[in-house]
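*Asks:*
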Amino acid sequence: MENWTRLNLTPGKLEDPNPIEGVQIDLYVSPFDIPTHTKGYLDPISGRFVIEFKYIGEEPIGPVGSEGPLHLRLGKNSGRLYAIEVDIDRIGASAVALRLLVDTEMKNLSPTESARENNFDLARQAIHSLADEGLYSAIEPG
Amino acid sequence: MRKHKIWLTAHWTGKVIYWVASIATASLGAALALDTSTISIPWWKATIEFVQLVAPGTLIVLPTLLVVTGALGKRVGNPWVWKTIQSVLDTLQEVAFSANHGDQPIYEHRVTLFRAVWSRRFPFIPWLRKRWLIPYERSGHINKDSKSYFRIGDRVEAAEGVAGMTWMRNTVIVVPDVLPAINNLSGKRNQKIARLTFVSEKHVRDKQPQMRTYCGIPVEATGAKLWGVLVFDSAAKGSITHDRATIEFSRLANILGQLVARA
Numbered sequence: 616m617e618n619w620t621r622l623n624l625t626p627g628k629l630e631d632p633n634p635i636e637g638v639q640i641d642l643y644v645s646p647f648d649i650p651t652h653t654k655g656y657l658d659p660i661s662g663r664f665v666i667e668f669k670y671i672g673e674e675p676i677g678p679v680g681s682e683g684p685l686h687l688r689l690g691k692n693s694g695r696l697y698a699i700e701v702d703i704d705r706i707g708a709s710a711v712a713l714r715l716l717v718d719t720e721m722k723n724l725s726p727t728e729s730a731r732e733n734n735f736d737l738a739r740q741a742i743h744s745l746a747d748e749g750l751y752s753a754i755e756p757g
Numbered sequence: 015m016r017k018h019k020i021w022l023t024a025h026w027t028g029k030v031i032y033w034v035a036s037i038a039t040a041s042l043g044a045a046l047a048l049d050t051s052t053i054s055i056p057w058w059k060a061t062i063e064f065v066q067l068v069a070p071g072t073l074i075v076l077p078t079l080l081v082v083t084g085a086l087g088k089r090v091g092n093p094w095v096w097k098t099i100q101s102v103l104d105t106l107q108e109v110a111f112s113a114n115h116g117d118q119p120i121y122e123h124r125v126t127l128f129r130a131v132w133s134r135r136f137p138f139i140p141w142l143r144k145r146w147l148i149p150y151e152r153s154g155h156i157n158k159d160s161k162s163y164f165r166i167g168d169r170v171e172a173a174e175g176v177a178g179m180t181w182m183r184n185t186v187i188v189v190p191d192v193l194p195a196i197n198n199l200s201g202k203r204n205q206k207i208a209r210l211t212f213v214s215e216k217h218v219r220d221k222q223p224q225m226r227t228y229c230g231i232p233v234e235a236t237g238a239k240l241w242g243v244l245v246f247d248s249a250a251k252g253s254i255t256h257d258r259a260t261i262e263f264s265r266l267a268n269i270l271g272q273l274v275a276r277a
């Protein structure tokens, strides 16, 4: 999957951490935290499989950090998840193994800022929804 | 709300001073290089000699003026940006409320852009921690005299208004059903209005808010920097929904982000 795929994520209401008795207010994720597009590809230079996300607006991306076998690229100003990179050599060049690794590691992934939790959840949803739609098509099925 | 006439005057005055100072600086430099003994026209010679006399002091003042007017010009912004932001808000007002005008006239459905600033009196000082949300622009051609400002700061509990709470939580907040305030009465009704809209009871008594539905959306400038808040509010209950507001906002969010980065 070389090209961007448009996402149609529709996050539901958030739980109000400070509910006020008798008062109904509804909280939702900021539109800026919702990924609008994604793509998965094999980076020929680094040899890593990369899943990238696009959002409304742009920002500089910070240096690559690591969370276990996943390497993360986060927005410099917002801390949003812009890309996940996986060393293919570690797990073998197999889409099945890659998908399993990403699914497992994404469940345990937490942002350094709690305010970005919603954004990471949506990234998980996006990966899950496109896993059967060719997200890993750049890799041999295995 | 931004007083366009004052800011327009400031913008063009700054531009004129900038250009006059630029031309004067260049002319001074040229005059300093002239050898007056070669000038035969008496009045021209006297003029150049005078300019050469005052040049040292003037060459300190003029570049300083250039720097100051340049910096102020950046803070005042470009009138084209303000007008385009107004157009964006008018468009949002039209499309976000179009399904639910009902019997209400369009001016009872409002879209207000709030800007986060350090000081209400000196909103053009950019560098310090943001403490207030002040109205920057509003849809339509009336209701422009708003002086509603809301506190923001370090703690969520101290935030005021739907705008303030939207800023602090950096999430979309929808308050779908608020009763309108009743004149000068305190009591349970006004207490509930105050709790629903995150303001004090005194605020409700003084301002008498009549809006029944609120939706606040955080606004980011280019570079994912939180800049302010957009508030949809309406005198008609349930006239703005999360889906409607965010779908229409998302279409224009990128443009709005680039505009407010220049505002």
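Going down the list, the protein sequences come from chains U and H. Numbering of the first sequence is given in our numbering, commencing with residue 616 and proceeding in unit increments. Numbering of the second sequence is given in our numbering, commencing with residue 15 and proceeding in unit increments. Note that beta-carbon positions come from the ideal geometry of N, C-alpha and C, so glycine has one too. Computed from a prediction, not measured in an experiment: that's the story for all the values here.
Using 9 Å as the limit for Cβ to Cβ distance, is F664/U near chain H?
*Replies:* It does not; no Cβ of chain H falls within 9 Å.
*Asks:* For M616/U and A746/U, I'd like the C-alpha separation in whole angstroms.
*Replies:* Only weak support exists for where M616/U lies, its pLDDT of 44 falling under 50; the coordinates are left without a value.
*Asks:* Is there a C-beta anywhere in chain H that falls below 9 Å from the one on G690/U?
*Replies:* Judged by the 9 Å Cβ criterion, G690/U is in contact with chain H.
*Asks:* Is there a C-beta anywhere in chain U that falls below 9 Å from the one on S160/H?
*Replies:* Taking Cβ atoms only, chain U never reaches closer than 9 Å to S160/H, which makes this a no.
*Asks:* T227/H and V176/H look like a contact to me (Cβ under 8 Å); what is the Cβ gap, rounded to whole Å?
*Replies:* In fact, because the Cβ distance is near 10 Å, the residues do not count as touching under 8 Å.
*Asks:* So, with DSSP's three-state summary, where would you put L713/U?
*Replies:* Correct three-state label for L713/U: helix.
*Asks:* Can the beta-carbon of V81/H be found less than 9 Å from the beta-carbon of H25/H?
*Replies:* Contact: no.
*Asks:* Would you decide whether L696/U is buried or exposed? Buried here means 16 or more other CB atoms lie within 10 Å of its CB.
*Replies:* Under this definition L696/U is a buried residue.
*Asks:* Against V647/U, what residues of chain H qualify as contacts under a CB-to-CB distance less than 8 Å, listed in chain order?
*Replies:* Note on residue identity: the sequence assigns Phe, not Val, to residue 647/U. What F647/U touches in chain H: P232, E234, A238, A267.
*Asks:* Considering only C-alpha positions, which residue in the set T27/H, R152/H, D220/H is nearest to V102/H?
*Replies:* With distances taken between Cα atoms, V102/H lies closest to R152/H.
*Asks:* Give the range of the alpha helix (DSSP H) segment to which P77/H is assigned.
*Replies:* Start and end: 56-90.
*Asks:* Are I62/H and A45/H touching if we call contact CB-CB under 9 Å?
*Replies:* In this structure, A45/H lies closer than 9 Å to I62/H by Cβ.
*Asks:* How about the region 205-221 of chain H and the region 674-693 of chain U: do they share at least three Cβ pairs that are nearer than 8 Å?
*Replies:* The region 205-221 of chain H is not in contact with the region 674-693 of chain U.
*Asks:* Using Cβ-Cβ distances below 8 Å, what residues of the region 177-189 of chain H are close to chain U?
*Replies:* Within the region 177-189 of chain H, the residues whose Cβ lies closer than 8 Å to some Cβ of chain U are R183, N184, T185, V186, I187, V188, V189, listed in chain order.
*Asks:* Do E122/H and T259/H have their beta-carbon atoms positioned less than 9 Å apart in this structure?
*Replies:* Inspection of the sequence shows that residue 259/H is occupied by Ala rather than by Thr. Contact: no.
*Asks:* Taking Cβ to Cβ, would you say G694/U is nearer than 9 Å to R688/U?
*Replies:* Cβ atoms of G694/U and R688/U: not closer than 9 Å.
*Asks:* Determine, using beta carbons only, whether E174/H and F164/H come nearer to each other than 9 Å.
*Replies:* Result yes, Cβ atoms of E174/H and F164/H sit closer than 9 Å.
*Asks:* Quick one: measure Cβ to Cβ for I649/U and P626/U, integer angstroms, because I've assumed they're closer than 8 Å.
*Replies:* Yes, I649/U and P626/U are in contact; Cβ-Cβ is about 7 Å, under 8 Å.
*Asks:* Spatial neighbours of L142/H within its chain, please: CB distance less than 6 Å, with the 5 preceding and 5 following residues excluded, ordered by chain position.
*Replies:* Closer than 6 Å at the Cβ level, and outside the excluded window around L142/H, lie W132.
*Asks:* DSSP state of K654/U, grouped into three classes?
*Replies:* The answer is strand: DSSP assigns K654/U an E or B state.
*Asks:* Which residue marks the beginning of the beta strand (DSSP E) containing E667/U, and which one marks its end?
*Replies:* Counting along the chain, the beta strand (DSSP E) containing E667/U begins and ends at 663-669.
*Asks:* Within a Cβ cutoff of 8 Å, which residues of the same chain sit near V717/U, ignoring the five residues on either side of it in sequence?
*Replies:* Answer for V717/U: I666, L685, I699, V701, I742, listed in chain order.
*Asks:* If you follow the alpha helix (DSSP H) that V95/H is in, where does it begin and where does it stop?
*Replies:* Looking at the DSSP string, the run of the alpha helix (DSSP H) that includes V95/H is 93-110.
*Asks:* Could you check what DSSP says for R695/U in three-state terms: helix, strand or coil?
*Replies:* R695/U: coil per DSSP, three-state reduction.
*Asks:* Assuming V192/H and I207/H form a contact by the criterion Cβ under 8 Å, report the distance between their Cβ atoms to the nearest whole angstrom.
*Replies:* Yes, they are in contact, since the Cβ atoms of V192/H and I207/H sit about 6 Å apart, within 8 Å.
*Asks:* Rounded to a whole number of angstroms, what is the C-alpha to C-alpha distance between P675/U and K691/U?
*Replies:* Rounded to whole angstroms, P675/U to K691/U spans 6 Å at the Cα level.
*Asks:* With distances taken from CA atoms, which of S744/U, I660/U, F668/U, N733/U is nearest V644/U?
*Replies:* For the residues S744/U, I660/U, F668/U, N733/U, the minimum Cα distance to V644/U belongs to N733/U.
*Asks:* Run through DSSP, which three-state label would M616/U get?
*Replies:* Annotation note: pLDDT 44 at M616/U (below 50); position unreliable, coordinate value reported separately. DSSP places M616/U in coil when its eight states are reduced to three.
*Asks:* For S681/U, does the three-state DSSP call read helix, strand or coil?
*Replies:* In the structure shown, S681/U sits in a strand (DSSP, three-state: E or B).
*Asks:* Using a Cβ-Cβ cut-off of less than 9 Å, list which residues of the region 700-724 of chain U approach chain H; keep chain order.
*Replies:* Listed by position along the chain: nothing, the set is empty.
*Asks:* Taking the alpha carbon of K144/H as the point to measure from, which residue in S51/H, L240/H, I120/H has its own alpha carbon closest?
*Replies:* Per the Cα distances, L240/H.
*Asks:* Chain U partners of T260/H, CB-CB under 8 Å?
*Replies:* Here the neighbours are Y643, P646.
*Asks:* Just the chain U side, please: which residues come within less than 7 Å of G271/H by C-beta, in chain order?
*Replies:* Near G271/H (Cβ distances below 7 Å), the residues of chain U are G672.
*Asks:* Tell me whether I231/H sits in a helix, a strand or coil according to DSSP, three-state version.
*Replies:* Strand, per DSSP.
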